[in-house]
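For reference, the structure discussed in these notes is given below.
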Amino acid sequence: MSLTLSLDFQFTTSIEKLWSALTDSSKLAKWVMENDFKPVVGHRFQFRTQPFNGWDGIIDGEVLIVDAPNRLSYTWASAGEKHTVTWTLQDLGNGKVNLHLEQTGFSNAQGLEGAKYGWGKWCGELEKLLEQ
Amino acid sequence: MSENNQMRDVFDAIADPTRRRLIRLLAEAEEKPLHELTAQFPMGRTAVSKHLKILKEAGLVLDRKVGRETRFRLNASPLREVQDWVAFYSKFWRTNMLRLNQLLEEEEE
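Here the protein sequences line up with chains A and B, keeping their order. Following this note's numbering, the numbering of the first sequence begins with 1 at its first residue and continues without gaps. Following this note's numbering, the numbering of the second sequence begins with 1001 at its first residue and continues without gaps.
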């Protein structure tokens, strides 16, 4: 089963500054994680954080869409699950910008079986717990 | 809904390895008194009690007094939130957005 997370955020800034925060590696490090991201279609990158309970702390991605300053999309694979993250920026005027996030993937039934680390493993144990 | 009554976020509660171990231990039995739980950890009962308090605040653990001892048991239902990746990433991005907002505000100054 395919699932989508859909969220909207509004910022008081310019669309160019928001685009830069979403695509500049050093800025991404300040609000997401350390990374080697580049806004280039086909570029493969990693987000890295501290390993956590057997999870290697690595998210692998590949850039799918770069349409400055309106749309950015990449894959997001971690702990046995692969998702697609898509950002849509919309200038609302009056110095406000809407940021729309869509993250799509599959329900964890599939991911759990392939999952080896971290959240996947932990969720697998949870699954058993919840069945009790 | 019970989620709204939680004093503590379930994600914070399970962020610690000791607390995850406590959850597993409690999952194995109907109920366990504090001294039995404490015996499983290289720390004192005060430290284990603090972890149990956090789990209790997240709605993951229930306790009751039996004579002079307190017995703990697992309430797994808040874990469904964690099991669901949509809920997990919703929390993840909302937290990140606070940092993004801060970054953008700093740039305006």
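Just so you know, even glycine gets a beta-carbon here, dropped at the ideal spot from N, CA and C.
In whole angstroms, give me the CA-to-CA distance for residue i and residue j.
| i | j | result |
| --- | --- | --- |
| S78(A) | I58(A) | 7 Å |
| V41(A) | L1100(B) | 23 Å |
| G105(A) | T84(A) | 7 Å |
| E1107(B) | M1097(B) | 15 Å |
| Q50(A) | G1067(B) | 44 Å |
| P69(A) | T13(A) | 13 Å |
| T75(A) | P39(A) | 13 Å |
| N94(A) | E16(A) | 14 Å |
| I1023(B) | W31(A) | 31 Å |
| D91(A) | E102(A) | 18 Å |
| T23(A) | M33(A) | 13 Å |
| P1017(B) | F1041(B) | 11 Å |
| A1013(B) | L1103(B) | 28 Å |
| S11(A) | N98(A) | First, the amino acid is wrong: residue 11(A) is Phe here, not Ser. One C-alpha to the other measures close to 6 Å. |
| L952(B) | D67(A) | A query on residue 952(B) cannot be resolved here, the shown segment of chain B reaching from 1001 to 1109 and no further. |
| P1078(B) | A1029(B) | 18 Å |
| A1039(B) | R1021(B) | 13 Å |
Consult DSSP for residue i and reduce its assignment to one of helix, strand or coil.
| i | result |
| --- | --- |
| E1069(B) | strand |
| N108(A) | In this predicted model, N108(A) has a pLDDT of only 48, less than 50, meaning its place in the structure is not dependable; the value taken from the coordinates is given anyway. Residue state, collapsed to three classes: helix. |
| T84(A) | strand |
| P1033(B) | strand |
| R1008(B) | coil |
| I1014(B) | coil |
| N1101(B) | helix |
| V1086(B) | helix |
| V1048(B) | helix |
| M1001(B) | Confidence at M1001(B) is low in this model, with a pLDDT of 31, below 50, so the placement of that residue should be treated as unreliable; the coordinate-derived value is given next. In this structure, M1001(B) counts as coil in the three-state DSSP scheme. |
| F1041(B) | coil |
| F37(A) | coil |
| M1(A) | The predicted model places M1(A) with a pLDDT of 44, which falls under 50 and marks its position as unreliable, so this point remains unresolved. |
| E1107(B) | helix |
Out of the options, which has the shortest C-alpha to C-alpha gap to residue i?
| i | options | result |
| --- | --- | --- |
| L7(A) | S14(A), W87(A) and A68(A) | W87(A) |
| S134(A) | E16(A), F37(A), W31(A) and V32(A) | Here chain A comprises residues numbered 1 to 132, so residue 134(A) is not present and cannot be evaluated. |
| K56(A) | H43(A), D67(A), G80(A) and F11(A) | This sequence places Asp at residue 56(A); Lys is not what is there. Closest option to D56(A), Cα to Cα, is G80(A). |
| R1073(B) | L1026(B), E1109(B), R1008(B) and R1021(B) | L1026(B) |
| R1064(B) | R1020(B), E1109(B), K1032(B) and D1009(B) | K1032(B) |
Using C-beta distances below 7 Å, list every residue in its chain close to residue i, excluding the 5 sequence neighbours before and after it, in chain order.
| i | result |
| --- | --- |
| S20(A) | K27 |
| E1036(B) | none |
| L18(A) | F11, L89, V97 and L99 |
| R1019(B) | A1013, H1051, I1054 and L1055 |
| R1094(B) | none |
Near residue i, which residues of its chain fall below 8 Å by C-beta distance, leaving aside the five closest residues on each side in sequence?
| i | result |
| --- | --- |
| N1075(B) | G1059, L1060, V1061 and L1062 |
| N35(A) | S25, L28, A29, F45, Q46, F47 and R48 |
| R71(A) | I65, T86, W87, T88 and L89 |
| T1070(B) | P1033, L1034, D1063 and R1064 |
| L5(A) | L101, E102, Q103 and T104 |
| request: For the segment 1053-1071 of chain B and the segment 57-76 of chain A, state whether three or more C-beta atom pairs, one from each stretch, are separated by less than 8 Å. | output: no
| task | Count the CB pairs spanning the segment 1037-1054 of chain B and the segment 1073-1087 of chain B that are closer than 8 Å, and state whether there are at least three. | result | no
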